[in-house]
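Notes to accompany the following structure.
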Amino acid sequence: MDVIFSLVSPGGLVIAFCIATLAGLVKGMVGFAMPMILISGLGSFLPPELALAGLILPTLFTNAIQALRQGLRPALDSIRRFRVFMGVALVFLLLSSQLVRVMPVPVLLAMIGGPVALFCVMQLAGWRPHLRGGANTALEALVASVAGFIGGMSGVWGPPMVAYLTAIDTEKREQIRVQGVAYGLGAVALAGAHTVSGVLNAETVRFSALLLIPALAGMWLGMRAHDRIDQEAFRKITLWVLLVAALNLLRRAFFG
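For the sequence shown, this note's numbering assigns the number 5 to the initial residue and increments by one for each residue that follows.
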């Protein structure tokens with residue numbers, strides 16, 4: 005624990021556990037938003053690189069659970085259907101992840117907070133982009149490149165994908181599974197990329213592993229509560245929390 009406390013104070017660790025529990029709860033309820041909650045919450049009081057390292061293992065394990073909940077075959081079907089999105093996003097994720105060490109902290113905070121705030125405002129305003137023609141390979145690749153580029157530096161690449169899946173009217177159960185598969189593959193790539201970049205190292209991986217405990221507990225509670233709580237109301241509350249957190253990151257980026 006001495007290594008952990010050299011990275012974060014005991015009080016900070018308690019706060020981090022609470023944030024991870026909330027992130028897991030939301031993940032279990034709606035299938036996404038764990039990285040956004042973790043990076044926004046942890047980034048409010050920890051260095052951006054430590055916050056990024058902290059979310060890697062919880063994101064990896066919870067997405068594996070989500071992706072394989074209905075079995076291996078449906079997960080493989082989802083990979084085949086959205087192979088363009090996943091492939092392009094992974095390439096851009098790997099490329100941009102190497103910029104973390106050289107990117108100024110205010111710029112990194114702005115690139116994390118900006119997309120999250122935009123996504124929240126769009127959803128809370130009730131705007132749902134709709135593509136009448138369904139999936140479009142060129143647009144899919146474009147959205148994937150944006151998602152991957154942002155994800156490599158911030159660990160957050162969900163908002164563009166959720167918007168795209170919503171726009172092509174993806175069936176709810178498949179959408180949650182696709183998110184689990186895509187985010188899971190992204191989490192594997194992110195873990196590898198940031199092992200190379202040095203963000204995930206012998207010290208920070210312990211912090212990330214500790215956050216697995218509350219994250220998995222929260223996800224278990226979220227999955228149990230999924231059929232008992234008004235998901236739409238819970239989603240809106242979550243978006244407001246995310247928006248406040250994202251605006252706080254933008255405040256730090258522009259005003260210190």
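C-beta atoms are modelled at their ideal positions from N, C-alpha and C, and glycine is treated no differently. This one's a predicted model, so the numbers in the text were calculated from it and none came from an experiment.
query, result
"Ordered list of alpha helix (DSSP H) runs contained in the region 143-168, each at least 4 residues", "none"
"A151 vs F86 beta-carbon contact at 9 Å", "no"
"Beta-carbon proximity of V120 to S44, cut-off 9 Å", "yes"
"Cβ contact check for the region 43-63 and the region 73-89: 3 or more pairs under 8 Å", "no"
"Spatially closest choice to G321 from A237, V106 and P51, by CA coordinates", "Within the shown structure, residues of the chain are numbered from 5 to 260, placing residue 321 beyond reach of any answer."
"Between the CA atoms of L243 and G155 - distance to the nearest angstrom", "19 Å"
"Span of the alpha helix (DSSP H) around W224", "T208 to A229"
"C-beta atoms of G35 and Q183 nearer than 9 Å", "yes"
"Proximity below 9 Å, CB of M33 to CB of L246", "no"
"Beta carbon of P218 nearer than 9 Å to that of C22", "yes"
"Spatial distance of A195 from F153 (CA atoms)", "15 Å"
"Cβ distance (whole Å) where G117 is taken to contact L251 below 8 Å", "7 Å"
"Buried/exposed call for N205, threshold 16 Cβ in 10 Å", "exposed"
"Contacting residues, own chain, Cβ-Cβ under 6 Å from V92 (five flanking each side not counted)", "A145, A148 and S149"
"Residue nearest to F216 in terms of C-alpha spacing, selected from S48, S13, A68 and P14", "First, the residue type needs correcting, since residue 216 is Leu and not Phe in the sequence shown. With distances taken between Cα atoms, L216 lies closest to A68."
"CB contact flag (M157, S212, <9 Å)", "no"
"Assumed close pair L94, L189 - CB separation to whole angstroms, cut-off 8 Å", "6 Å"
"Alpha helix (DSSP H) segment containing V192, residue limits", "K176 to S201"
"Exposure label - V30; buried when at least 16 CB within 10 Å", "buried"
"V245, DSSP secondary structure in three states", "helix"
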